[in-house]
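Asks: Protein chains in written order, with my numbering: chain A, 240 to 506; chain B, 682 to 752; chain C, 32 to 413. Okay, here's the structure, questions in a sec.
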Amino acid sequence: MALKDYIRERFFPHMWCAGCGHGTVLNSLLRAVEQLGLSKNEIVMVSGIGCSARISGYVDFHSLHTLHGRALAFATGVKLSKPELNVIVPMGDGDALAIGGNHFLHAARRNIGMTAIVMNNKIYGMTGGQFSPLTGIGGMATTAPYASIDRSFDVVEIAKAAGATYVARSTAFHAQECTKMIHDAILHDGFSVVEIMTQCPTYYGRKNKLGEAPDMIKRFKDITTPIGSKAKQENPDLIERGVFVEKNLPEYCAEYDKIIERAKGGA
Amino acid sequence: MAKAKLKEHRINRDWCKGCGICVELCPKKVLEMDAEEKSAAVRPEDCIACKLCEMRCPDLAIEIITEQDEK
Amino acid sequence: MSRQVKFVQGNEACMEGALYAGVQFYAGYPITPSSEITEGMAMRLPAAGGKFIQMEDEISSICAIVGASLTGHKVMTATSGPGFSLMQEGLGYAIMAEIPCVIVNVMRGGPSTGLPTHGSQGDVMQARWGVHGDHSIVALTASSHQDVFEMTVEAFNIAETYRTPVILLLDETVGHMREKLEIPEPGELPLVERLRTNVREGVNYHPYLPREDGRLPMSDFGGVHRFNVTGLYHDMWGFPTSDPKMVHDLIRHLIDKIENRVNVLARYKEYYLDDAERVMVSYGCSARSALHVVKDRRQRGERLGLLELQTLWPFPADVVKHCCAGKKSVIVVEMNTGQIVHEVKKAVDSPDNVFLANRVDGEYITPPDILKILRLIQGKGV
Chain A
240 MALKDYIRER FFPHMWCAGC GHGTVLNSLL RAVEQLGLSK NEIVMVSGIG CSARISGYVD
300 FHSLHTLHGR ALAFATGVKL SKPELNVIVP MGDGDALAIG GNHFLHAARR NIGMTAIVMN
360 NKIYGMTGGQ FSPLTGIGGM ATTAPYASID RSFDVVEIAK AAGATYVARS TAFHAQECTK
420 MIHDAILHDG FSVVEIMTQC PTYYGRKNKL GEAPDMIKRF KDITTPIGSK AKQENPDLIE
480 RGVFVEKNLP EYCAEYDKII ERAKGGA
Chain B
682 MAKAKLKEHR INRDWCKGCG ICVELCPKKV LEMDAEEKSA AVRPEDCIAC KLCEMRCPDL
742 AIEIITEQDE K
Chain C
32 MSRQVKFVQG NEACMEGALY AGVQFYAGYP ITPSSEITEG MAMRLPAAGG KFIQMEDEIS
92 SICAIVGASL TGHKVMTATS GPGFSLMQEG LGYAIMAEIP CVIVNVMRGG PSTGLPTHGS
152 QGDVMQARWG VHGDHSIVAL TASSHQDVFE MTVEAFNIAE TYRTPVILLL DETVGHMREK
212 LEIPEPGELP LVERLRTNVR EGVNYHPYLP REDGRLPMSD FGGVHRFNVT GLYHDMWGFP
272 TSDPKMVHDL IRHLIDKIEN RVNVLARYKE YYLDDAERVM VSYGCSARSA LHVVKDRRQR
332 GERLGLLELQ TLWPFPADVV KHCCAGKKSV IVVEMNTGQI VHEVKKAVDS PDNVFLANRV
392 DGEYITPPDI LKILRLIQGK GV
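In structure tokens, the structure reads:
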């Protein structure tokens with residue numbers, strides 16, 4: 240099938256700003272699904288609230304546009320009640336790690352077979368450019384007019400610590416890499432997290448004087464490096480990209496099937 | 682695998698928001714913004730059909746059709 | 032055939048009722064005094080082929096059951112006071128997106144963490160108005176274990192019939208009290224199964240287009256119809272809209288589908304109302320003491336009656352008006368500072384004759400408590 244067969248064309252052009260990196264995530268996601276050859280009926284996309292969350296309306300899957308931060312909680316109900324479904328949960332950085340931080344930790348801890356995509360643009364876009372837990376010290380935002388004193392989370396470190404069994408990071412610049420990671424994350428039998436650094440030219444870019452969308456997306460090439468690269472040793476400030484965790488541990492829904500057997504007096 | 686040969690740039694002008702990412706990042710400088718701030722393939726003969734513009738386009742507005750795709 | 036007889040807590044009666052109704056998915060978080068429902072579900076649901084999950088909080092619990100309802104399952108969660116406060120966000124979502132689900136709130140003393148192990152009926156108004164924005168809601172309650180069982184089944188039936196969340200408003204007293212429960216035979220109580228669309232694959236299915244009878248057939252996630260579900264105002268496909276007409280039509284639909292059926296949804300019990308001079312209106316644990324007083328005073332020739340409400344929302348105003356018509360006084364017995372009493376005053380012809388008999392110190396309202404107030408109303412002194 241062509242990429243366009245996976246979207247709800249009548250809603251295009253989409254509502255994201257010109258040059259918004261979220262569009263590239265959608266682009267990569269559709270390619271991953273196309274490569275996997277999944278049927279649209281076996282995918283449920285669950286999103287929260289924010290610019291990122293609007294992605295669920297654009298895809299021609301079963302789509303559940305929920306509450307701010309709660310996407311993983313709704314998704315847990317979808318997945319556990321019907322484990323054969325592929326559940327994909329795109330979230331913004333504030334959505335996933337501020338208001339939804341606890342749900343993120345526990346979904347990872349359970350290792351429930353879903354794919355979380357954190358579209359990290361370091362800002363709350365839909366509400367007008369407030370700082371997020373990913374903005375970091377020194378970042379400018381409408382609620383950090385004198386620069387943020389809040390330290391930043393590291394999505395990868397949190398996902399690892401909480402027990403996610405597939406953890407990867409890429410950027411909107413590295414679209415091909417994103418597609419591969421989302422592809423592998425969907426295939427992964429367990430809780431998978433893909434952080435994709437995306438540009439918000441409208442708020443984060445302007446507030447932090449990072450130029451236009453092309454400048455911002457090119458910057459991702461300069462500030463990141465593959466895991467374990469020589470460049471990282473020379474410049475520890477570089478952000479590593481790649482697959483940080485990929486391991487097989489018991490998946491939650493499969494484990495629950497064993498509970499059912501036990502409760503019924505089986506093994 | 683044989684190298685893909687370009688057949689056509691399909692640019693959806695209704696969807697293109699003119700962010701300029703494709704123009705800026707095209708390795709062969711094939712694309713330019715036109716008078717209406719939409720992406721346009723002005724040097725298609727230089728295109729190596731790497732499809733990076735298509736994959737990065739946040740508006741899903743670019744399709745690179747190669748002769749292989751047609752087959 | 033004989034009914035299985037058990038000696039159980041009210042919370043267990045609720046769990047048994049849910050299993051009888053065919054609950055298939057339960058998500059919850061421990062909280063006193065509702066934890067026995069959650070524990071019971073953990074034990075019993077997998078054996079019944081269902082799924083149980085202990086979530087990280089009450090917010091995620093209600094979200095998870097909404098997700099599981101969308102895949103086509105009968106779902107439930109149970110909580111108490113503070114947990115019910117946390118669930119309001121998800122409850123509003125379930126109202127807006129028209130998701131069948133049952134939410135049990137075993138009421139304890141509030142506000143805040145209040146009195147975790149003591150009874151109260153202080154969440155009646157929260158059940159009605161805890162969710163922000165205009166909306167309507169169905170809330171049921173019960174005073175005996177047999178009724179807890181039946182009202183739990185009713186809650187599922189109403190949720191599935193009208194595509195709506197239903198709140199089961201129990202209280203600590205009934206929840207933790209032990210008494211006899213007879214489990215009805217299969218088929219004894221009617222069960223409503225979800226109405227699914229018969230629209231074929233490839234034909235346009237509208238998840239939010241009511242049929243002529245007002246019901247909205249559903250299609251399970253994972254099925255052949257792909258649609259959108261959102262907490263935003265939406266069109267008949269489920270896609271967000273701010274079109275004034277669609278917004279108006281949807282809010283009217285959400286409210287009318289419940290408020291226009293107030294009499295259909297009314298569940299209540301009448302005791303000695305026909306010749307009663309004075310009527311008590313009560314519900315839940317308070318109704319037990321009220322009934323005791325009524326029976327006791329009857330033996331002494333006092334013509335008292337009791338209207339026990341089992342549907343609290345939508346408030347059965349017609350029933351209350353009818354049952355209280357021409358009575359000397361109406362005494363509303365409830366364990367709060369006055370919540371249903373205001374609804375009763377609005378419903379009756381003579382609101383000045385409506386009195387409140389209550390207790391709000393965390394102790395159970397006893398027949399002597401009610402009798403004292405009754406004496407004062409009668410002008411007889413204590």
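Backbone N, C-alpha and C fix where the C-beta goes; we use that ideal spot for every residue, glycine too. Just so you know, these numbers come straight off a predicted model, no measurement behind them.
1. Thinking just about the alpha-carbon of each residue, which of Cys697(B), His690(B), Leu741(B), Glu726(B) is nearest to the one in Ala414(A)?
2. Of all the beta strand (DSSP E) runs that stay within the bounds of the stretch 178-255 of chain C, which reach a length of 3 or more residues?
3. Within its chain, find whatever has a CB closer than 6 Å to the CB of His176(C); leave out the 5 residues flanking it on each side and keep chain order.
4. Suppose the cutoff is 7 Å on Cβ atoms and the five residues either side in sequence are ignored; what does the same chain contact list for Ala380(A) look like?
5. Given that a residue counts as buried once 16 or more other Cβ atoms are within 10 Å of its Cβ, and exposed if not, what is Gln152(C)?
6. Roughly how many whole angstroms lie between the Cα atoms of Glu290(C) and Tyr395(C)?
7. Determine the extent of the beta strand (DSSP E) in which Trp160(C) is found, giving its start and end residues.
8. Per DSSP, what are the beta-bridge partners of Cys45(C) in this structure?
9. Taking a cut of 8 Å between CB atoms, which residues from the stretch 288-304 of chain A lie near chain C?
10. Considering Cα atoms alone, identify which of Ala78(C), Val39(C), Pro61(C) is closest to Gly504(A).
11. Does Met86(C) come out as helix, strand or coil in the three-state DSSP assignment?
12. Hey, how far is the Cα of Gly254(C) from the Cα of Ile282(A)?
13. Report the rounded CA-to-CA distance for Met682(B) versus Asp389(A), giving the unit in angstroms.
14. Indicate whether Val328(A) and Val406(A) have their beta-carbon atoms separated by less than 7 Å.
15. Under 7 Å Cβ-Cβ, which residues of chain A neighbour Phe270(C)?
16. Please return the same chain residues whose Cβ sits closer than 8 Å to the Cβ of Gln85(C), not counting the five positions on each side in sequence.
17. Applying the 10 Å Cβ sphere with the 16-neighbour rule, what's the burial state of Leu426(A)?
18. Would the beta-carbon of Ala99(C) fall within 7 Å of that of Gly316(A)?
19. Note down, one range per segment and in chain order, each alpha helix (DSSP H) of at least 4 residues found wholly within the stretch 54-121 of chain C.
20. Taking the continuous alpha helix (DSSP H) assigned at Ile397(A), which residues delimit it?
21. If we count the other Cβ atoms within 10 Å of its Cβ and call it buried at 16 or more, is Leu407(C) buried or exposed?
22. Against chain A, does Pro739(B) count as a neighbour if the rule is that its beta carbon must be under 7 Å from one of theirs?
23. Within 7 Å (strictly less), CB to CB, does Gly364(A) reach chain B?
24. Just mark Phe38(C) as buried or exposed, buried being the case when its beta carbon has 16 or more other beta carbons within 10 Å.
25. Give, in chain order, every unbroken run of the alpha helix (DSSP H) that is at least 4 residues long and sits entirely within the stretch 280-339 of chain C.
26. Rounded to the nearest angstrom, what separates Asn693(B) and Glu713(B) at their Cα positions?
27. What residue range does the beta strand (DSSP E) around Arg293(A) cover?
28. Report the three-state DSSP secondary structure of Met682(B) (helix, strand or coil).
29. Using beta carbons (cut-off 7 Å, strictly below), is Gly481(A) in contact with chain C?
30. In angstroms, rounded to a whole number, what distance separates the CA positions of Glu219(C) and Glu129(C)?
31. From Phe115(C) to Leu311(A), what distance separates their C-alpha atoms?
32. Is it true that the CB of His256(C) sits closer than 7 Å to the CB of Tyr236(C)?
33. Applying the 10 Å Cβ sphere with the 16-neighbour rule, what's the burial state of Ala295(C)?
34. Is Ala414(A) close to chain B? Criterion is C-beta to C-beta, closer than 7 Å.
35. Cβ atoms of Gly269(C) and Phe252(C): under 7 Å apart, would you say?
36. If we cut at 7 Å on Cβ distances, does Ser320(A) have a partner in chain C?
Replies: Let's see:
1. To locate residue 414(A), count along the first sequence from 1; it is residue 175. Ranking Cys697(B), His690(B), Leu741(B), Glu726(B) by Cα distance to Ala414(A) puts Leu741(B) first.
2. 196-202, 209-214
3. Numbered from its first residue, the third sequence carries residue 176(C) at position 145. Same-chain partners within the cutoff: Gly41, Ala44, Glu210, Leu212.
4. As a first step, residue 380(A) is located in the first sequence; it is residue number 141 there, counting from the start. Closer than 7 Å at Cβ, skipping near neighbours: Ile362, Gly368, Gln369, Phe370, Thr374, Ser387, Lys446.
5. Position 121 of the third sequence, counting from 1, holds the residue named residue 152(C). Classification of Gln152(C): buried, given that the 10 Å Cβ count is 16 or more.
6. The residue given as residue 290(C) occupies position 259 in the third sequence. The residue given as residue 395(C) occupies position 364 in the third sequence. In a straight line, the C-alpha of Glu290(C) is about 32 Å away from that of Tyr395(C).
7. Taking the third sequence and counting its residues from 1, the one referred to as residue 160(C) is at position 129. Counting along the chain, Trp160(C) falls outside any beta strand (DSSP E), though it belongs to the alpha helix (DSSP H) covering 155-160.
8. As a first step, residue 45(C) is located in the third sequence; it is residue number 14 there, counting from the start. Note: Cys45(C) sits in no beta bridge, so no partner.
9. Ser295, Gly296, Asp299, Phe300, His301, Ser302, Leu303, His304
10. Taking the first sequence and counting its residues from 1, one reaches residue 504(A) at position 265. Nearest option by C-alpha distance: Ala78(C).
11. Stepping through the third sequence from its first residue, residue 86(C) is reached at position 55. Coil.
12. In the third sequence, the residue the question calls residue 254(C) occupies position 223. In the first sequence, the residue the question calls residue 282(A) occupies position 43. If I take the Cα positions, the gap works out to 10 Å.
13. For this step, residue 682(B) is matched to residue 1 along the second sequence. For this step, residue 389(A) is matched to residue 150 along the first sequence. Model confidence at Met682(B) stands at a pLDDT of 49, short of 50, so the residue's coordinates are unreliable; what they give is reported in the following sentence. In a straight line, the C-alpha of Met682(B) is about 50 Å away from that of Asp389(A).
14. As a first step, residue 328(A) must be located in the first sequence, where it is residue number 89. As a first step, residue 406(A) must be located in the first sequence, where it is residue number 167. No; because the gap between Cβ atoms is not below 7 Å, this pair is not in contact.
15. In the third sequence, counting from the first residue as 1, residue 270(C) sits at position 239. Near Phe270(C) (Cβ distances below 7 Å), the residues of chain A are Gly296.
16. Against the third sequence, residue 85(C) aligns to sequence position 54. The residues are Ala58, Gly59, Tyr60, Pro61, Thr69, Ala73.
17. Counting from one through the first sequence, the residue named residue 426(A) turns up at place 187. Answer is exposed; the Cβ neighbour count stays below 16.
18. Translated into the one-based positions of the third sequence, residue 99(C) becomes position 68. Translated into the one-based positions of the first sequence, residue 316(A) becomes position 77. In contact: Ala99(C) and Gly316(A) (Cβ atoms closer than 7 Å).
19. 66-75, 89-101
20. Here residue 397(A) is taken as the residue at index 158 of the first sequence, counted from 1. Element bounds for Ile397(A): 394-401.
21. As a working note, residue 407(C) is residue 376 in the third sequence. It is exposed - the Cβ of Leu407(C) has fewer than 16 other Cβ atoms within 10 Å.
22. The residue given as residue 739(B) occupies position 58 in the second sequence. Output row for Pro739(B): interface = yes.
23. The count along the first sequence starts at 1 and reaches residue 364(A) at position 125. No, because no Cβ of chain B sits closer than 7 Å to the Cβ of Gly364(A).
24. As a working note, residue 38(C) is residue 7 in the third sequence. Classification of Phe38(C): exposed, given that the 10 Å Cβ count is below 16.
25. 293-296, 315-329
26. Taking the second sequence and counting its residues from 1, one reaches residue 693(B) at position 12. Taking the second sequence and counting its residues from 1, one reaches residue 713(B) at position 32. In a straight line, the C-alpha of Asn693(B) is about 14 Å away from that of Glu713(B).
27. For the purposes of this step, residue 293(A) is taken as residue 54 along the first sequence, with counting starting at 1. Taken as a continuous stretch (DSSP letters only), Arg293(A) belongs to no beta strand (DSSP E), as it is neither H nor E.
28. One-based indexing of the second sequence puts residue 682(B) at position 1. Note that Met682(B) scores 49 on pLDDT, short of 50, meaning its location in the model is unreliable and no value can be drawn from it.
29. Here residue 481(A) is taken as the residue at index 242 of the first sequence, counted from 1. So, not an interface residue.
30. Sequence index remark: in the third sequence, residue 219(C) carries index 188 (1-based). Sequence index remark: in the third sequence, residue 129(C) carries index 98 (1-based). Those two C-alpha atoms are separated by around 28 Å.
31. The residue given as residue 115(C) occupies position 84 in the third sequence. The residue given as residue 311(A) occupies position 72 in the first sequence. Looking at the two C-alpha atoms, the distance is approximately 20 Å.
32. Working through the third sequence from its first residue, we reach residue 236(C) at position 205. Working through the third sequence from its first residue, we reach residue 256(C) at position 225. Against a cut-off of 7 Å, the Cβ pair of His256(C) and Tyr236(C) comes out as a contact.
33. In the third sequence, the residue the question calls residue 295(C) occupies position 264. For the sequence presented, residue 295(C) should be read as Val rather than Ala. Exposed, because fewer than 16 other Cβ atoms sit within 10 Å of the Cβ of Val295(C).
34. For the purposes of this step, residue 414(A) is taken as the residue at position 175 of the first sequence. Yes, its Cβ sits closer than 7 Å to a Cβ of chain B.
35. Mapped onto the third sequence, residue 252(C) falls at position 221. Mapped onto the third sequence, residue 269(C) falls at position 238. No, Cβ-Cβ distance for Phe252(C) and Gly269(C) is not below 7 Å.
36. On the first sequence, residue 320(A) is found 81 positions in, with the first residue counted as 1. Closer than 7 Å: yes.
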